[in-house]
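In this note's numbering, the protein residues as written are 71 to 400.
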């Protein structure tokens with residue numbers, strides 16, 4: 071079925087808060103990962119939240135972010151019609167207000183994450199509130215996610231050198247002043263590859279933030295960014311404290327390239343000439359006895375492997391996050 075808007079996504083978050091599970095928000099920039107994610111989510115009867123950053127939109131649109139969003143939006147909607155789950159699109163780490171306004175006008179995303187977390191508190195509030203007001207003025211049902219507290223590591227061209235943990239009382243003030251539908255919090259996760267690092271997660275802090283919001287009548291779903299290095303038991307502990315959305319990007323990037331690498335290194339002589347044979351790729355090896363094997367180098371071969379691997383990875387993640395078997399749109 072076609073992917074849904076913010077109103078339907080809000081019902082999923084309400085159910086997640088009630089039942090204690092989270093949606094794995096999965097970043098995409100091209101079709102293979104997207105189709106693998108749909109297959110994995112459908113296999114596990116889990117609703118699916120896709121994500122695109124500004125950089126991903128520019129990549130998909132050959133430098134034109136709006137063209138990329140339109141192209142991928144159409145692609146998502148067409149493929150989603152094959153599956154009996156809810157499919158949603160969040161715009162991840164958006165900083166360009168003009169592009170955000172265009173997203174709202176196009177009515178493609180289900181939700182938009184405005185990231186002004188690198189700004190001082192008051193400026194973050196003002197910018198986040200401005201985006202909420204854009205949605206209200208347009209009469210749109212797009213949900214708005216905002217972030218309070220910086221997360222150590224790289225987030226689409228923004229790098230924070232230190233981790234700034236979210237203060238519970240400041241979180242209440244922030245949500246109250248901005249009107250944000252979801253709040254991304256900083257509780258010790260990192261963006262990017264967390265190789266060799268023992269992440270100092272603070273589930274106690276997530277609990278304090280959740281309780282402070284509820285004490286003020288705010289039942290705001292919380293978001294965990296930078297979770298690619300978070301282990302299953304750590305993630306499940308975080309989900310007990312109002313975390314309803316968990317972002318994954320780096321893991322899929324690695325699985326994409328590793329899967330292609332594994333495929334090609336199994337039969338290297340099917341792609342590149344062996345030692346002693348001239349690398350005459352410009353003439354496509356017309357004057358050599360050796361030739362590459364199309365059954366291996368056809369991009370669709372590795373593409374199918376990638377889709378299958380991404381489906382398996384996402385299926386496992388839905389079990390860890392508890393969203394397996396929880397689709398509201400079956």
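Ideal Cβ placement from N, Cα and C applies to all residues, glycine included.
Remember, predicted model here, so these are calculated numbers, not experimental data.
At the C-beta level, residue 289 and residue 87 come within 9 Å of one another. DSSP places residue 318 within a strand segment (E or B) once states are collapsed to three. When beta bridges are read from the DSSP output, residue 292 appears opposite 253, 313. Using a Cβ-Cβ distance cut-off of 8 Å, the region 208-215 and the region 248-255 are in contact, since at least three pairs of beta carbons, one from each stretch, lie closer than that value.
Exclusion of the five residues before and after residue 174 leaves 204, 205, 208, 210, 212 as the residues of its chain whose Cβ lies within less than 7 Å of its Cβ.
Membership of residue 157 in the beta strand (DSSP E) is indicated by the continuous run 157-164. Here residue 390 really is in contact with residue 302; their C-beta atoms are around 5 Å apart, less than 8 Å. The DSSP-derived three-state label of residue 301 is coil. In the structure shown, residue 184 adopts extended strand secondary structure according to DSSP, grouped into three states. DSSP lists 254 as the bridge partner or partners of residue 217.
Nearest to residue 199 by alpha-carbon distance, out of 84, 324, 167, is 167. For residue 173, the enclosing alpha helix (DSSP H) starts and ends at 167-176.
About 24 Å separates the beta carbons of residue 235 and residue 202, which is beyond the 8 Å limit, so they are not a contact pair. Nearest to residue 382 by C-alpha distance, out of 104, 84, 74, is 104.
Bounds of any beta strand (DSSP E) do not take in residue 363, whose DSSP letter is neither H nor E. The three-state reading of DSSP puts residue 398 in coil, since its state is none of H, G, I, E or B.
Excluding sequence positions up to five before and after residue 197, its CB lies within less than 6 Å of the CB of 186, all in the same chain and listed in chain order.
Excluding the 5 residues flanking it on each side, residue 91 has same chain C-beta neighbours closer than 7 Å at 309, 391, 392, 393, 396, in chain order. Between the alpha carbons of residue 83 and residue 292 lies a gap of roughly 10 Å.
Going by DSSP, residue 341 is part of no alpha helix (DSSP H) at all; its letter is neither H nor E.
Within the model, the alpha-carbon separation for residue 321 versus residue 332 is close to 16 Å. Annotated as distal: residue 111 and residue 74, with beta-carbon spacing of 9 Å or more. With respect to the C-alpha of residue 248, the residue from 116, 193, 259 having the closest C-alpha is 193. For residue 93, there is no enclosing alpha helix (DSSP H); the enclosing beta strand (DSSP E) has its first and last residue at 93-97. Three or more beta-carbon pairs drawn from the region 311-327 and the region 269-280 are found closer than 8 Å, and the two stretches are therefore classed as touching.
Setting aside the 5 residues that flank it on each side, residue 114 is surrounded in the same chain by 385, 388, 394, each with a C-beta closer than 6 Å to its C-beta; the list follows chain order. Spatial neighbours of residue 109 in its own chain (CB-CB distance under 6 Å, excluding positions within 5 residues in sequence) are listed in chain order as 381. Note: residue 123 is bridge-paired with 162 in the DSSP secondary-structure output.
When the beta-carbon positions are compared, residue 191 and residue 240 come within less than 9 Å of each other.
Per DSSP, the unbroken alpha helix (DSSP H) holding residue 106 starts and ends at 101-113. Per DSSP, residue 202 is one residue of the alpha helix (DSSP H) stretching across 191-208.
Assignment of residue 79 by DSSP, reduced to helix, strand and coil, places it in the helix class.
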